[in-house]
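For the sequence shown, numbering that gives the first Met the number 0 begins at 0 and goes up steadily by one.
Here a beta-carbon is modelled for each residue, glycine too, at the ideal position from N, C-alpha and C.
Step one of this worksheet: look at the structure below.
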Amino acid sequence: MLGRVATFLDPLLPVPPLNRLAARRITGVPKEKVFSTDTVIIHDCLSSLFRKQVSEQTRWGTWLSSKMIHWGVEPGDIIYNMYCENLTFLQYARKIPGVTIITDMYINPLLRDIVAQFHVADAPAPRGVDLFSKTLLRQICQLSDQILCPSNFVREGVLKLSPETAERIRVCPYGSSLSSQKSTETVQKGRFFWAGGTWFRKGLHLLAAVADELKKEHPDMEFRAAGISADSVPHAEKFQNITFLGRLDRRQMLREFQMADAFVFPSFCEGMAGVVLEAISCGCPVITTHEAGIDGIIDNRNGILVPTGDVAALRAAILHIYNDREFRNSLQEDPHAILMNYSEEAWSDRLEVLLNSLDDMPPYSEKR
């Protein structure tokens, strides 16, 4: 019901909630093959009305799973599950002969441990923190015939969490519709850009610490952040050398990437950070971490990789780009080479190969 209303209103009122509801119609797929439900959103409204706190696991693992069990599995024989939202449904489906379960582990399952390792005062907890229970995630892994990881960093997390599933783990980077963008802007030397929806996990406080040091030596440097406002961070004085831009549209983001000396993204934990690919597509040099999940970045060849949480290394990388213009320009050569591996076509080809290899996977056993 809500989806039909959203589809009608979406062209008139292009706001995110309507966009998400309208998107439940999948282009190219007959509508009779698409099942969607308002169950979760209605439960959310009722819970909010009665001021009842509801866990993410209840929302997805119980409410949505119940609806999916009602729909059933037939005539399908492959379930493509995202992360660990639907444990109850997977437990139901696992009992059906001939059903194969593929789980897309879209972020490192050890997220909570990683965030705790680098914890600072007033840092926000990850959203849906109960979804990151290692017990729950391990159950999902053990129920799955194949576990897809968008990067080697995620694969490393799954291996640590559930080493017995090693033979079922496959690295399958996501695809993107991004292509190389011809720059229409002039690069501003000393202008460094960050973008994200949360300041802590994506390392903005690390960039802020570097900014405090470097602004004393190089007053012409500028450090800009998109995606959040100054109100989103605690202790504003610790971010005094960050210019907060708030949420930007696609055109504004493109301009920021093209004018930046480098895109700086010292994230602690991702699955595969699409924003890094956005920067690369714009010809913007990237300073990031292995944990950002872009395996195509080779240190000092098409980007700079710094150790997670290492402020000194981050500072050195920024200064390297600022002081060595030839090196800086070498990092932005031929973005097409890396983007090819992250195209939608490459992703489709990888998925096809993986689906065709399912017959070679060992059969499910409760003992494994």
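Mind checking who residue i pairs with in its DSSP beta bridge?
i           : result
residue 169 : 147
residue 222 : 191 and 241
residue 342 : 175
residue 103 : 81 and 147
DSSP on residue i, reduced to helix/strand/coil?
i           : result
residue 175 : strand
residue 321 : helix
residue 64  : helix
residue 89  : helix
residue 285 : strand
residue 38  : helix
residue 358 : helix
residue 298 : strand
residue 304 : strand
residue 252 : helix
residue 263 : strand
residue 373 : Since the first residue of the chain shown is 0 and the last is 367, residue 373 is not available in this structure.
residue 246 : coil
residue 127 : Caution is warranted here: a pLDDT of 48 is assigned to residue 127, below 50, making its placement in the model unreliable, and no coordinate value can be reported.
residue 201 : coil
residue 272 : coil
residue 369 : The structure shown has nothing for residue 369, since the chain only spans 0 to 367.
residue 292 : coil
residue 69  : helix
residue 227 : coil
residue 31  : helix
residue 213 : helix
residue 180 : coil
residue 409 : Missing from the structure shown is residue 409; the chain here goes from 0 to 367 and no further.
residue 142 : helix
residue 232 : coil
residue 76  : coil
residue 375 : With the chain running from 0 to 367 in the structure shown, residue 375 is simply not present.
residue 109 : coil
residue 119 : coil
residue 186 : coil
Are residue i and residue j touching if we call contact CB-CB under 8 Å?
i           : j           : result
residue 263 : residue 192 : yes
residue 88  : residue 106 : no
residue 76  : residue 97  : yes
residue 93  : residue 142 : yes
residue 100 : residue 267 : no
residue 271 : residue 108 : no
residue 42  : residue 62  : yes
residue 316 : residue 337 : no
residue 334 : residue 161 : no
residue 318 : residue 265 : no
residue 360 : residue 144 : yes
residue 40  : residue 72  : no
residue 331 : residue 258 : no
residue 341 : residue 253 : no
residue 203 : residue 224 : yes
residue 135 : residue 83  : yes
residue 66  : residue 102 : no
residue 165 : residue 274 : no
residue 327 : residue 219 : no
residue 34  : residue 308 : no
Please work out which residues of its chain come closer than 6 Å, Cβ to Cβ, to residue i, disregarding the five sequence neighbours upstream and downstream, and give them in chain order.
i           : result
residue 128 : In this predicted model, residue 128 has a pLDDT of only 47, less than 50, meaning its place in the structure is not dependable; the value taken from the coordinates is given anyway. Contacts found: none.
residue 424 : Past the edges of the chain, shown from 0 to 367, lies residue 424, and the structure says nothing about it.
residue 306 : 312
residue 64  : 85, 87 and 88
residue 245 : 228
residue 201 : 195 and 266
Counting only the same chain and skipping the five closest in sequence on each side, list residues whose C-beta sits under 7 Å from that of residue i.
i           : result
residue 310 : 205, 208 and 209
residue 324 : none
residue 151 : 170 and 294
residue 304 : 287, 288, 289, 296 and 298
residue 349 : 171
residue 91  : 68
Please return the same chain residues whose Cβ sits closer than 8 Å to the Cβ of residue i, not counting the five positions on each side in sequence.
i           : result
residue 217 : 189 and 321
residue 196 : 226 and 227
residue 154 : 148, 168 and 170
residue 184 : 254, 257 and 258
Within the chosen definition, does the segment 275 to 295 reach the segment 207 to 218 through at least 3 CB pairs nearer than 8 Å?
Flag = no, the segment 275 to 295 and the segment 207 to 218 do not touch.
Given 8 Å as the limit, is there contact between the segment 171 to 181 and the segment 340 to 351, that is, 3 or more CB pairs closer than that?
Taking 8 Å as the limit for Cβ pairs, the verdict is that the segment 340 to 351 does touch the segment 171 to 181.
Does the segment 240 to 247 come within contact of the segment 299 to 313, defined as at least 3 CB pairs closer than 8 Å?
Counting Cβ pairs under 8 Å, fewer than three are found: no touch.
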